[in-house]
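S.K.: Let me give you the structure first, and then I'll get to my questions.
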Amino acid sequence: MIVCKFGGTSVADAAAISRVVDIIATKREQQPVVVVSALGGATNMLLDIANKAAGGELLSALQLIEQLRDRHLREARALLAGSHDAEDVAVEVGTTFDELAHLAEAFKTLGYLTPRSLDAVAAIGELLSSQIVAATFRARGFDAVCVDARDVMRTNDFFTKAEPDVEEIARLAQERLVPLVLQNRIPVMGGFVGATAARVTTTLGRGGSDYSASLVGAAIDATAIEIWTDVDGMLTADPRIIPGARLIERISFDEAAELAAFGAKVLHPATIAPAVQRGIPVYVFNSRNPAARGTMIAFDAPRLPVRAIAGKRATTMVKLRSSRMLLAPGFLRRVFEVFETHRTSVDVVTTSEVSVSVTLDDATNLGAILQDLAAFGDVSVSPRAGLLAIVGAGIADGSQAIAQALAALGPIPVHMASLSATGINFTLVIDDDQVVAAMQRLHATFFEQTP
Ligand code: ADP
Ligand code: ASP
Ligand code: MG
Numbered sequence: 027m028i029v030c031k032f033g034g035t036s037v038a039d040a041a042a043i044s045r046v047v048d049i050i051a052t053k054r055e056q057q058p059v060v061v062v063s064a065l066g067g068a069t070n071m072l073l074d075i076a077n078k079a080a081g082g083e084l085l086s087a088l089q090l091i092e093q094l095r096d097r098h099l100r101e102a103r104a105l106l107a108g109s110h111d112a113e114d115v116a117v118e119v120g121t122t123f124d125e126l127a128h129l130a131e132a133f134k135t136l137g138y139l140t141p142r143s144l145d146a147v148a149a150i151g152e153l154l155s156s157q158i159v160a161a162t163f164r165a166r167g168f169d170a171v172c173v174d175a176r177d178v179m180r181t182n183d184f185f186t187k188a189e190p191d192v193e194e195i196a197r198l199a200q201e202r203l204v205p206l207v208l209q210n211r212i213p214v215m216g217g218f219v220g221a222t223a224a225r226v227t228t229t230l231g232r233g234g235s236d237y238s239a240s241l242v243g244a245a246i247d248a249t250a251i252e253i254w255t256d257v258d259g260m261l262t263a264d265p266r267i268i269p270g271a272r273l274i275e276r277i278s279f280d281e282a283a284e285l286a287a288f289g290a291k292v293l294h295p296a297t298i299a300p301a302v303q304r305g306i307p308v309y310v311f312n313s314r315n316p317a318a319r320g321t322m323i324a325f326d327a328p329r330l331p332v333r334a335i336a337g338k339r340a341t342t343m344v345k346l347r348s349s350r351m352l353l354a355p356g357f358l359r360r361v362f363e364v365f366e367t368h369r370t371s372v373d374v375v376t377t378s379e380v381s382v383s384v385t386l387d388d389a390t391n392l393g394a395i396l397q398d399l400a401a402f403g404d405v406s407v408s409p410r411a412g413l414l415a416i417v418g419a420g421i422a423d424g425s426q427a428i429a430q431a432l433a434a435l436g437p438i439p440v441h442m443a444s445l446s447a448t449g450i451n452f453t454l455v456i457d458d459d460q461v462v463a464a465m466q467r468l469h470a471t472f473f474e475q476t477p
């Protein structure tokens, strides 16, 4: 069995969904389970609808609902015209958007949104795309079954970023997905969406369909997890920033996980962990160019000083200076308890005898964090910091790569620097508005120089 996940652009319209069917048609012998995202851009639009309605802009919310309804109906019609499922799918799309319009009215009346209601709205994208894709398979003569993700993806109730219950997911996947595969049928499930034990709808967080795919892969002990997207594979940098970024043919789990965590959007940061635990290789392929080789992510890969770089903007840097840190056992623990209390994870940490600097991806609870930290000493904040990650299993093998990285930055000021304990990620904190220039300089140094 294999898991094939198709992202938003890979199911964006009828032409893209047809390509999905063509790709899966070549994989029947490998017994695929298909995981799909919402139609590209649909999740953004759904969240926009909810926010507009709660903000009092009911009319714009209703207009967006009609646009999204029309889009789903149009693509479904193009794919399913004349098929058995055409009518049922159209009714399902219609009912779903009617219900959403009622919800929008309720949000308008309430004037606020809860994370729980946001998840109920966001999930609509994948719940519909999975039905359209499954019906398309059937219209093309394949025996596909749409599986409601809420029957498999058991999570806790941390709405908008729910955490999976891995054991329950394994049990439910064995019960719901595996028998279908063994009957030679193709299960099609929405990614991103889950449900609590009480069957309240949750989501795994933005970009979470990759994570759904790897959780399903681990749950059914798949032989491969394939992430089908809109680029040829994992590249040496984000191609939107570095148009000449190169394909990585093979990369280790550790390196891929670091890149994902530090901004390589091609994989959700949590995707690698379930695959590593079961030793399942993860492939990244291009659904518009299925003949290309793609990237294989596995335990080992040729050791290089630098495999790729990643960058992340809009990060917050917090610096704490305290003379009391000197010789005070337990000081760092107490500082980190502050972040734990406010459910905020820390990305990069550097310390000296009298100071600790950290970066935060999510500054939602910054006010409360700063208040608590003030008890320890002087606190300063830079709300516009950026991260650079220079990733390679051999980065610490000699001092050369690190020296080259620092030299490449030239005049760009560095605020923090950290080499991961595993010696595969050299992370730098710089100003947010320097991230693009810094990535260009690093990419030129490590990947564009003729030997
Ligand atoms: P999907 O909808 O298929 O999940 P995403 O937009 O989430 O697709 O991820 C694919 C995008 O990730 C690419 O189009 C590319 O712009 C971006 N990206 C960022 N860093 C990298 C990288 N190192 N390699 C490949 N793509 C990257
Ligand atoms: N549709 C969801 C999002 O846009 C999940 C995904 O595409 O991975 O975040
Ligand atoms: Mg994605």
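Numbering (my numbering), first residue to last: 27 to 477.
Don't be surprised by glycine CBs; every beta carbon is placed ideally from N, CA and C.
I need the DSSP call for ILE335, collapsed to helix, strand or coil.
M.R.: Translated into positions along the sequence shown, residue 335 becomes position 309. DSSP places ILE335 in strand when its eight states are reduced to three.
S.K.: Quick check: does the Cβ of THR341 come within less than 7 Å of any heavy atom belonging to ligand 1?
M.R.: Counted from its first residue, the sequence shown places residue 341 at position 315. Relative to ligand 1, even the nearest heavy atom lies 7 Å or more away from the CB of THR341.
S.K.: Quick check on ASP48: buried or exposed, where buried means 16 or more other Cβ atoms within 10 Å of its Cβ?
M.R.: The count along the sequence shown starts at 1 and reaches residue 48 at position 22. Exposed: under 16 other Cβ atoms inside 10 Å.
S.K.: Tell me, please, which residues DSSP counts as bridged to ASP404.
M.R.: Locating residue 404 in the sequence shown gives position 378, where the first residue counts as 1. Paired residue(s): ARG347.
S.K.: Rounded to whole angstroms, what is the Cα-Cα separation between GLU379 and GLU284?
M.R.: Counting from one through the sequence shown, the residue named residue 379 turns up at place 353. Counting from one through the sequence shown, the residue named residue 284 turns up at place 258. When rounded, the distance between both Cα atoms is 28 Å.
S.K.: Could you pull out every unbroken beta strand (DSSP E) segment of at least 3 residues lying fully inside the segment 296-320, listed in chain order?
M.R.: 308-312
S.K.: Would you list the one or two residues that DSSP bridges to THR341?
M.R.: For the purposes of this step, residue 341 is identified with residue 315 of the sequence shown, where counting begins at 1. According to DSSP, THR341 bridges with ALA411.
S.K.: How would you call THR121, buried or exposed, if buried means at least 16 neighbouring beta carbons within 10 angstroms?
M.R.: Within the sequence shown, residue 121 is the residue found at index 95, counting from 1. The residue is exposed, with fewer than 16 neighbouring Cβ atoms inside 10 Å.
S.K.: Could you have a look at GLU131 and say whether DSSP puts it in helix, strand or coil?
M.R.: Position 105 of the sequence shown, counting from 1, holds the residue named residue 131. GLU131: helix per DSSP, three-state reduction.
S.K.: Is THR228 close to ligand 2? I mean its beta-carbon at under 7 Å from any heavy atom of the ligand.
M.R.: Numbered from its first residue, the sequence shown carries residue 228 at position 202. No.
S.K.: Beta-carbon distances below 5 Å to any heavy atom of ligand 1 define the shell here; list its residues in chain order, please.
M.R.: Qualifying residues come out as GLY33, GLY34, THR255, ASP256, VAL257, MET260, LEU261, ASP264, ARG266, ALA290, LYS291, VAL292.
S.K.: Put LEU454 into one of helix, strand or coil per three-state DSSP.
M.R.: Working through the sequence shown from its first residue, we reach residue 454 at position 428. LEU454 falls in the strand class under three-state DSSP.
S.K.: May I have a chain-ordered list of the beta strand (DSSP E) segments no shorter than 3 residues that lie completely inside the segment 98-174?
M.R.: 170-173
S.K.: If I measure Cβ to Cβ from GLN426 and keep anything under 8 Å in the same chain, skipping five residues before and after, which residues do I get?
M.R.: Counting from 1 along the sequence shown, the entry for residue 426 is found at position 400. Result list for GLN426: PRO331, in chain order.
S.K.: Applying the 10 Å Cβ sphere with the 16-neighbour rule, what's the burial state of GLU252?
M.R.: Indexing the sequence shown from 1 puts residue 252 at position 226. By the 10 Å Cβ count, GLU252 comes out buried.
S.K.: Whole-angstrom Cβ separation of THR186 and GLY231, contact assumed at under 8 Å?
M.R.: Position 160 of the sequence shown, counting from 1, holds the residue named residue 186. Position 205 of the sequence shown, counting from 1, holds the residue named residue 231. Right, their Cβ atoms sit about 7 Å apart.
S.K.: Pull up the CB-CB distance for ALA221 and ARG276, whole angstroms please, since I reckon it's below 8 Å.
M.R.: Working through the sequence shown from its first residue, we reach residue 221 at position 195. Working through the sequence shown from its first residue, we reach residue 276 at position 250. About 36 Å; that fails the 8 Å criterion.
S.K.: Please check the pair ALA76 and LEU136, which I expect to be a contact at CB under 8 Å, by giving their CB distance rounded to whole angstroms.
M.R.: Taking the first residue of the sequence shown as position 1, residue 76 is located at position 50. Taking the first residue of the sequence shown as position 1, residue 136 is located at position 110. With 8 Å as the limit, ALA76 and LEU136 do not qualify as a contact, their Cβ atoms being about 11 Å apart.
S.K.: Output the distance between the C-alpha atoms of VAL204 and ASP169, rounded to the nearest integer angstrom.
M.R.: If you number the sequence shown from 1, residue 204 lands on position 178. If you number the sequence shown from 1, residue 169 lands on position 143. Linking VAL204 to ASP169 through their CA atoms gives a straight-line distance of about 15 Å.
S.K.: Could you spell out the range, first to last residue, of the alpha helix (DSSP H) harbouring VAL204?
M.R.: Along the sequence shown, read from residue 1 onward, the residue named residue 204 stands at position 178. DSSP places VAL204 in the uninterrupted alpha helix (DSSP H) bounded by 204-208.
S.K.: Grab the span of the beta strand (DSSP E) containing ALA221 for me, first residue to last.
M.R.: Here residue 221 is taken as the residue at index 195 of the sequence shown, counted from 1. 219-221 is the extent of the beta strand (DSSP E) around ALA221.
S.K.: If we ignore side chains and look at the alpha-carbon of each, how far apart do GLU366 and ALA196 end up?
M.R.: Translated into the one-based positions of the sequence shown, residue 366 becomes position 340. Translated into the one-based positions of the sequence shown, residue 196 becomes position 170. Going from the Cα of GLU366 to the Cα of ALA196 covers about 29 Å.
S.K.: Would LEU94 and ALA40 qualify as a contact pair, given that the criterion is a beta-carbon distance under 8 Å?
M.R.: Along the sequence shown, one-based indexing puts residue 94 at 68. Along the sequence shown, one-based indexing puts residue 40 at 14. Using a Cβ distance threshold of 8 Å, LEU94 and ALA40 do not count as a contacting pair.
S.K.: Over what stretch of residues does the beta strand (DSSP E) that includes ARG23 continue unbroken?
M.R.: Because the chain here runs from 27 to 477, residue 23 falls outside it and cannot be looked at.
S.K.: Would ALA107 be called buried (16 or more neighbouring beta carbons within 10 Å of its own) or exposed?
M.R.: Position 81 of the sequence shown, counting from 1, holds the residue named residue 107. Exposed, because fewer than 16 other Cβ atoms sit within 10 Å of the Cβ of ALA107.
S.K.: For ASP74, report the span of its alpha helix (DSSP H) as first-last.
M.R.: The residue you call residue 74 lines up with position 48 of the sequence shown. Looking at the DSSP string, the run of the alpha helix (DSSP H) that includes ASP74 is 68-80.
S.K.: What does DSSP give as the partner residues of ARG180 in its beta bridges?
M.R.: Against the sequence shown, residue 180 aligns to sequence position 154. Note: ARG180 sits in a beta bridge opposite ALA221.
S.K.: Spatial neighbours of VAL308 within its chain, please: C-beta separation below 6 Å, excluding the five flanking residues on both sides.
M.R.: The sequence position of residue 308 within the sequence shown is 282, counting from 1. Closer than 6 Å at Cβ, skipping near neighbours: ILE251, ALA301, ILE323.
S.K.: Can you name the residues that DSSP bridges to LYS31?
M.R.: Within the sequence shown, residue 31 is the residue found at index 5, counting from 1. Per DSSP, VAL61, ILE253.
S.K.: With a cut-off of 8 Å, do at least 3 Cβ pairs link the segment 81-89 to the segment 158-168?
M.R.: no
S.K.: Are GLY305 and PHE311 close, meaning C-beta to C-beta below 8 Å?
M.R.: One-based indexing of the sequence shown puts residue 305 at position 279. One-based indexing of the sequence shown puts residue 311 at position 285. Result no, Cβ atoms of GLY305 and PHE311 do not sit closer than 8 Å.
S.K.: To the nearest angstrom, how far is the alpha carbon of VAL364 from that of LEU399?
M.R.: Translated into the one-based positions of the sequence shown, residue 364 becomes position 338. Translated into the one-based positions of the sequence shown, residue 399 becomes position 373. Their Cα atoms are separated by approximately 7 Å.
S.K.: How close, in whole Å, do the beta carbons of THR471 and ALA411 come, if the pair is a contact with beta carbons under 8 Å?
M.R.: Taking the first residue of the sequence shown as position 1, residue 471 is located at position 445. Taking the first residue of the sequence shown as position 1, residue 411 is located at position 385. About 22 Å; that fails the 8 Å criterion.
S.K.: Looking at the secondary structure, which residues open and close the beta strand (DSSP E) in which ALA40 lies?
M.R.: Looking up residue 40 in the sequence shown gives position 14. Where ALA40 is concerned, there is no enclosing beta strand (DSSP E), although the alpha helix (DSSP H) it sits in stretches over 40-51.
S.K.: Within the present structure, is the beta-carbon of ASP145 separated from the nearest heavy atom of ligand 3 by less than 7 Å?
M.R.: Within the sequence shown, the letter at position 119 stands for residue 145. No, the Cβ of ASP145 stays beyond 7 Å of every heavy atom of ligand 3.
S.K.: Can you tell me which residues form a DSSP beta bridge with MET442?
M.R.: As a first step, residue 442 is located in the sequence shown; it is residue number 416 there, counting from the start. DSSP lists VAL455 as partners of MET442.
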